[in-house]
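Participant: Residue numbers (the working numbering), protein chains in the order written: chain A, 17 to 493; chain B, 17 to 493.
Note that beta-carbon positions come from the ideal geometry of N, C-alpha and C, so glycine has one too.
Since this is a predicted model, take the numbers as computed values, not measurements.
Dumping the structure here so I can ask a few things about it.
Protein chains: 2
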Amino acid sequence: MTQYERLADEFQTLIHNGTLRVGDRLPSVRVTCARRHISPATVFQAYYLLESRGLVQARPRSGYFVAARRPEALAAPEVSSEPPPSQSVAVNDLVVEVLKLSRRAEVLPLGSAFPDPALFPLAKLGRSLGSAMRRLPPHKLVEDLATGHARLRQQVAQRLAADGLAVSADELVVTNGAMEALNLCLQAVTQPGDLVVLESPTFYASLQALERLQLQALALPTHPEHGIDLAALAQALATQPVKACWLMSSFQNPLGALMPEAKKQAIADLLARHQVPLIEDDVYGELYFGPHKPRPIKAFDRAGWVLHCGSFSKSLAPGYRVGWAAAGRWSRAVERAKVMSSLSAAVPSQVAISDYLAQGGHDLHLRRLRQTLQQQRDVALAAIAEHFPAGTQATRPEGGYLLWVALPGDIDTRALLPQALEAGVSLMPGALFSADQRFAHCLRLNYGAVGPDGLRDALARLGRLICDRTGLAPLSR
Amino acid sequence: MTQYERLADEFQTLIHNGTLRVGDRLPSVRVTCARRHISPATVFQAYYLLESRGLVQARPRSGYFVAARRPEALAAPEVSSEPPPSQSVAVNDLVVEVLKLSRRAEVLPLGSAFPDPALFPLAKLGRSLGSAMRRLPPHKLVEDLATGHARLRQQVAQRLAADGLAVSADELVVTNGAMEALNLCLQAVTQPGDLVVLESPTFYASLQALERLQLQALALPTHPEHGIDLAALAQALATQPVKACWLMSSFQNPLGALMPEAKKQAIADLLARHQVPLIEDDVYGELYFGPHKPRPIKAFDRAGWVLHCGSFSKSLAPGYRVGWAAAGRWSRAVERAKVMSSLSAAVPSQVAISDYLAQGGHDLHLRRLRQTLQQQRDVALAAIAEHFPAGTQATRPEGGYLLWVALPGDIDTRALLPQALEAGVSLMPGALFSADQRFAHCLRLNYGAVGPDGLRDALARLGRLICDRTGLAPLSR
């Protein structure tokens with residue numbers, strides 16, 4: 017054990033035994049250096065480690081403070097030496113039903129897939145909508161239909177380039193949100209019956225897409241913090257006829273997992289070696305809480321096996337339905353499939369976003385959005401720790417607005433949903449996130465869909481319900 | 017032969033032998049009554065008959081005038097007693113290529129699928145876009161996503177009700193244009209390998225949709241003025257395992273054919289008897305030149321076998337990508353497929369159209385649009401008659417903005433396309449409108465994409481090219 021780890025452990029003991037309590041300030045780095053006769057670097061490392069354990073929180077120019085209690089970290093799943101048998105996907109109509117139920121205005125939408133639209137610069141976007149459409153020459157309404165608005169494609173390419181992705185405007189196909197991009201990419205690289213690697217748990221839309229295209233799913237164990245199990249992926253690629261992968265490398269839905277860069281690099285290498293295309297769903301990449309934007313796997317892809325999909329729906333313009341695919345060698349196939357299936361994304365939405373981006377200020381908006389979401393994550397985790405039963409586990413995502421909760425005891429969160437809606441809260445049942453419904457005791461919660469007060473209120477109601485159902489006392493008792 | 021037919025034939029002779037020339041006024045009804053000692057009703061009937069033959073044109077409050085010469089009417093196709101063998105569809109990438117090439121701003125876009133956007137109330141729509149989005153509560157951006165904006169669905173249902181379609185707002189699913197609606201409906205009623213009846217020639221998008229879903233096409237003979245051959249359809253339904261039909265009953269793309277109401281009724285009855293669903297593409301229904309809006313087959317469908325698809329792209333808001341499916345018992349299946357494939361149509365587009373419709377004035381816009389398109393049809397037919405080679409046949413659509421031309425001699429219009437683009441005109445080659453490319457000597461022309469002067473100019477250039485290629489002299493020589 018290094019010196020800084022020892023120091024961190026000491027503080028951890030003080031926190032756990034109540035000597036240091038929530039909100040207490042840790043001694044300053046200067047003071048600790050002087051008392052312990054150690055270097056500032058060692059103290060900083062110890063404090064960083066405590067921060068990464070979720071025990072303390074840095075406040076700019078104020079120091080380190082004991083963080084609000086958080087539920088137990090979600091244990092890593094068992095990584096089976098045999099991946100689960102591949103299966104034909106059959107996803108329940110429940111997804112559509114849950115989405116519909118959760119849309120009721122009076123319900124606190126923790127089951128939603130979107131953040132609160134009030135977090136977005138809608139007024140500014142609306143002005144761009146009006147003025148850009150007034151200036152648009154009428155023939156432009158039908159000219160760029162197939163591939164998308166030319167200037168917008170350039171702007172997206174420039175933003176991707178800033179993230180280290182060498183994608184040309186010509187490679188980009190603008191789509192009706194990322195959902196369509198993902199579907200078109202999957203269609204471009206598969207034939208019915210093909211085997212496709214997914215994460216487990218995975219975003220239900222990927223299960224639906226496989227069902228629609230009559231593909232087989234091979235769902236691999238996925239670590240709640242670091243993403244898909246690399247050994248399992250390597251084994252699957254080596255031993256099974258995998259025709260494609262569909263992964264979220266940054267702030268995975270539903271876990272919120274972020275793959276370390278080394279894993280992203282390793283996956284890019286594996287794909288190239290086995291010549292297997294990856295559909296990379298990167299819709300949450302902009303919503304990072306760390307100091308730097310995490311790079312997608314596409315940034316490590318020298319051999320051109322990654323089809324990268326993104327959108328503006330989660331970070332700027334929900335409901336505008338503007339996404340894109342950067343599909344490399346499959347670009348023309350994706351473009352063709354797009355023309356066949358829906359012709360084009362809406363022109364007004366595209367020109368509005370393009371005009372908005374050209375005005376500047378988008379990155380300022382993103383900084384504020386990230387800060388808000390990070391604060392709300394902490395509010396949510398504190399509320400779960402207070403109101404959910406002992407034994408509850410939760411992830412602590414480093415970005416996005418979705419977290420994953422595993423409940424103790426024998427509970428099926430599908431059965432919980434009607435009661436939760438009755439109590440004015442929606443949630444997304446865990447069973448929707450795998451083809452074999454193995455996550456029935458889990459749920460996905462959106463901490464970006466309502467503000468801090470609503471979040472506390474909603475999680476208190478939900479916690480009471482769960483305690484009632486399980487007969488367990490809340491963690492905080 | 018009745019008295020009025022005799023009178024009409026007399027005038028026809030005078031027109032054909034040059035006694036009456038293009039633009040000459042026919043004697044007034046009063047004068048003709050007095051000279052011939054016949055009733056005004058008889059004279060009117062004769063003049064109506066001449067009008068329906070395309071020989072004279074009524075000008076409001078001015079009388080009847082000899083119409084511009086028109087090319088020969090397209091002969092009805094041979095109705096084979098055996099329908100052609102069904103086939104797996106493989107449509108050429110040419111469609112995407114042609115669409116791309118034809119999008120160049122300097123080209124007169126007779127190959128386009130859209131009318132000139134300048135014919136639409138874009139300024140008014142743009143104002144609706146800005147103001148409706150300003151008034152929209154933010155949560156609405158994510159609330160109505162799956163099924164579409166609730167008020168717009170109500171407005172569409174009301175418009176359909178006025179046309180005799182009993183469709184509830186709840187049955188309607190708003191889509192990314194009619195293209196997506198058609199694809200989703202086809203998907204809802206078929207499995208890979210199924211046999212689907214199409215028209216021959218048919219809109220290339222239907223061929224692409226079948227290819228995408230791995231369906232078999234049974235293309236039935238289609239009359240250039242009255243649509244699909246009823247006997248062939250009856251025989252196919254009786255003898256083959258037809259799982260669905262995809263038809264355009266009003267102003268068919270590419271022919272411009274309009275089925276008589278009796279045929280629509282008969283088709284509705286046939287479908288009910290054989291329990292076969294029909295996907296009805298009705299995107300041109302609003303663009304009728306006759307006194308009444310033609311009713312779609314869905315209006316005759318008592319047993320619920322018709323999935324009706326429409327959009328605002330051809331009559332109001334190109335590029336906004338707002339269409340709908342009224343899919344009856346398949347509504348929820350279509351909605352589910354929509355959520356899976358692209359989630360939703362763009363909200364700004366939907367609220368803008370809804371706001372525009374609520375203001376009134378849409379029907380006035382449609383009346384003007386129809387009048388313009390009808391005039392441009394006549395300009396196009398006169399220009400074809402003047403510049404295209406003798407032996408050219410063309411349809412004379414009673415609505416929409418697409419007409420179908422069959423060229424004489426041994427010409428493949430795909431080979432003509434690059435030269436036409438060189439000469440600054442696009443066209444849609446006939447080969448794209450069937451799976452077996454049997455219409456290689458035909459082309460589809462859009463008479464709504466440029467104004468009368470551009471239309472004359474474009475068709476003169478095209479006529480010269482074709483005469484050069486075929487070595488035939490123009491009709492007018």
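Give the straight-line distance between the Cα atoms of A/V47 and A/V72, rounded to the nearest whole angstrom.
Facilitator: Cα-Cα distance, rounded: 17 Å.
Participant: With respect to the alpha helix (DSSP H) encompassing B/I283, which residues constitute its N-terminal and C-terminal limits?
Facilitator: B/I283 -> alpha helix (DSSP H) spans E277 to H290.
Participant: From which residue to which residue does the beta strand (DSSP E) around A/S216 run?
Facilitator: From DSSP, the beta strand (DSSP E) with A/S216 extends over L211 to S216.
Participant: Kindly list the residues whose CB is nearer than 8 Å to the CB of A/V95, restricted to its own chain and excluding five residues on each side of it in sequence; keep chain order.
Facilitator: Reliability fails at A/V95, whose pLDDT of 45 lies under 50, so the model's placement of it is uncertain and the value that follows must be treated cautiously. Result list for A/V95: P237, D245, A247 and A248, in chain order.
Participant: Would you kindly work out how many angstroms separate the C-alpha atoms of A/E98 and A/L234, rounded to a whole number?
Facilitator: Its pLDDT being 47, under 50, A/E98 is placed unreliably in this model, and the coordinates cannot settle the point.
Participant: Can you find at least 3 beta carbon pairs, one from the region 391-403 of chain B and one from the region 437-444 of chain B, that sit closer than 8 Å?
Facilitator: Output reads no: the region 437-444 of chain B does not touch the region 391-403 of chain B.
Participant: Quick one: does A/S358 have its CB under 8 Å from some CB of chain B?
Facilitator: Taking Cβ atoms only, chain B reaches closer than 8 Å to A/S358, which makes this a yes.
Participant: Please decide whether B/D468 counts as near chain A, where near means a Cβ-Cβ distance under 8 Å.
Facilitator: A small fix is needed here, since residue 468 of chain B is Pro in this sequence, not Asp. Cβ-Cβ to chain A under 8 Å: no for B/P468.
Participant: Mind pulling the chain B residues with CB within less than 9 Å of A/F130?
Facilitator: The answer, in chain order, is L157, V158 and L161.
Participant: Are any of the Cβ atoms in chain A nearer than 8 Å to that of B/E462?
Facilitator: Note on identity: in this sequence residue 462 of chain B is Asn, with Glu being the wrong assignment. Chain A contact via Cβ: absent.
Participant: With DSSP collapsed to three states, give me the class of B/V4.
Facilitator: One cannot answer for residue 4 of chain B here, as it falls past the ends of chain B, which runs 17 to 493.
Participant: So, with DSSP's three-state summary, where would you put A/L475?
Facilitator: In this structure, A/L475 counts as helix in the three-state DSSP scheme.
Participant: What does a CB cutoff of less than 6 Å around B/L202 pick up in its chain, not counting 5 residues either side in sequence?
Facilitator: Within the same chain, B/L202 has close Cβ partners A225 and I295.
Participant: Provide the residue span of the alpha helix (DSSP H) that contains B/P125, from first to last.
Facilitator: From DSSP, B/P125 is part of no alpha helix (DSSP H); its letter is neither H nor E.
Participant: Taking 8 Å as the cut-off, decide whether the C-beta atoms of A/P413 and A/T429 are in contact.
Facilitator: No; because the gap between Cβ atoms is not below 8 Å, this pair is not in contact.
Participant: Starting from the beta carbon of B/G146, find every residue of chain A whose beta carbon is closer than 7 Å, and list them in chain order.
Facilitator: Within chain A, the residues near B/G146 are G142, L145 and G146.
Participant: So which residues on chain B does A/E196 lean against when the C-beta distance must stay under 7 Å?
Facilitator: Here the neighbours are S357 and S358.
Participant: For A/G470, does the three-state DSSP call read helix, strand or coil?
Facilitator: Of the three classes helix, strand and coil, the one that applies to A/G470 here is helix, per DSSP.
Participant: Going residue by residue through the region 404-446 of chain A, where are the continuous beta strand (DSSP E) segments of at least 3 residues, counting only ones entirely within it?
Facilitator: If we require 3 residues or more, the beta strand (DSSP E) runs fully inside the region 404-446 of chain A come out as 418-422.
Participant: Anything in chain B within Cβ reach of A/M149, meaning under 7 Å, just list it in chain order.
Facilitator: Those within 7 Å of A/M149 in chain B are G142 and L145.
Participant: Tell me, to the nearest whole angstrom, how far the beta carbon of B/G193 is from that of B/S55; I am working on the premise that it is less than 8 Å.
Facilitator: Contact doesn't hold; Cβ gap of about 51 Å is too wide.
Participant: Hey, out of A/Q170, A/V421, A/Q391 and A/R169, whose CA is closest to A/G127's CA?
Facilitator: Closest by alpha carbon: A/V421.
Participant: With C-beta atoms as the reference, is A/D298 less than 8 Å away from A/S266?
Facilitator: A contact, by the Cβ cut-off of 8 Å.
Participant: Which stretch, first to last residue, makes up the alpha helix (DSSP H) that contains B/E369?
Facilitator: First, the amino acid is wrong: residue 369 of chain B is Ile here, not Glu. B/I369 -> alpha helix (DSSP H) spans V363 to A374.
Participant: Quick check on A/Q230: does DSSP put it in helix, strand or coil?
Facilitator: If DSSP states are grouped into helix, strand and coil, A/Q230 belongs with coil.
Participant: Can you pull the DSSP bridge partners for A/L459?
Facilitator: According to DSSP, A/L459 bridges with A/V421 and A/P445.
Participant: Any Cβ of chain B within less than 8 Å of the Cβ of A/G440?
Facilitator: It does not; no Cβ of chain B falls within 8 Å.
Participant: Using 10 angstroms around the beta-carbon of A/Q174, count the other beta-carbons present and answer buried if the total reaches 16, otherwise exposed.
Facilitator: Exposed: under 16 other Cβ atoms inside 10 Å.
Participant: Does the Cβ-Cβ distance between A/Y63 and A/L42 come in under 8 Å?
Facilitator: The answer is yes: Cβ separation under 8 Å.
Participant: At the 8 Å Cβ level, is B/Q224 part of the contact set with chain A, yes or no?
Facilitator: Yes, B/Q224 lies at the interface with chain A (some Cβ there is under 8 Å from its Cβ).
Participant: List the endpoints of the continuous alpha helix (DSSP H) containing B/G79.
Facilitator: Careful: B/G79 lies outside any alpha helix (DSSP H), inside the beta strand (DSSP E) at G79 to V82.
Participant: Taking the continuous alpha helix (DSSP H) assigned at B/H32, which residues delimit it?
Facilitator: From DSSP, the alpha helix (DSSP H) with B/H32 extends over Q19 to H32.
Participant: Kindly say whether A/S347, judged by its beta-carbon, lies nearer than 8 Å to any beta-carbon of chain B.
Facilitator: Not one chain B Cβ lies under 8 Å of A/S347.
Participant: Quick check on B/G272: buried or exposed, where buried means 16 or more other Cβ atoms within 10 Å of its Cβ?
Facilitator: With 16 or more Cβ atoms within 10 Å of its Cβ, B/G272 is classed as buried.
Participant: Given 8 Å as the limit, is there contact between the region 365-383 of chain A and the region 214-221 of chain A, that is, 3 or more CB pairs closer than that?
Facilitator: Counting Cβ pairs under 8 Å, fewer than three are found: no touch.
Participant: Is the region 385-400 of chain A touching the region 470-488 of chain A, taking contact as three or more C-beta pairs under 8 Å?
Facilitator: Touching, yes.
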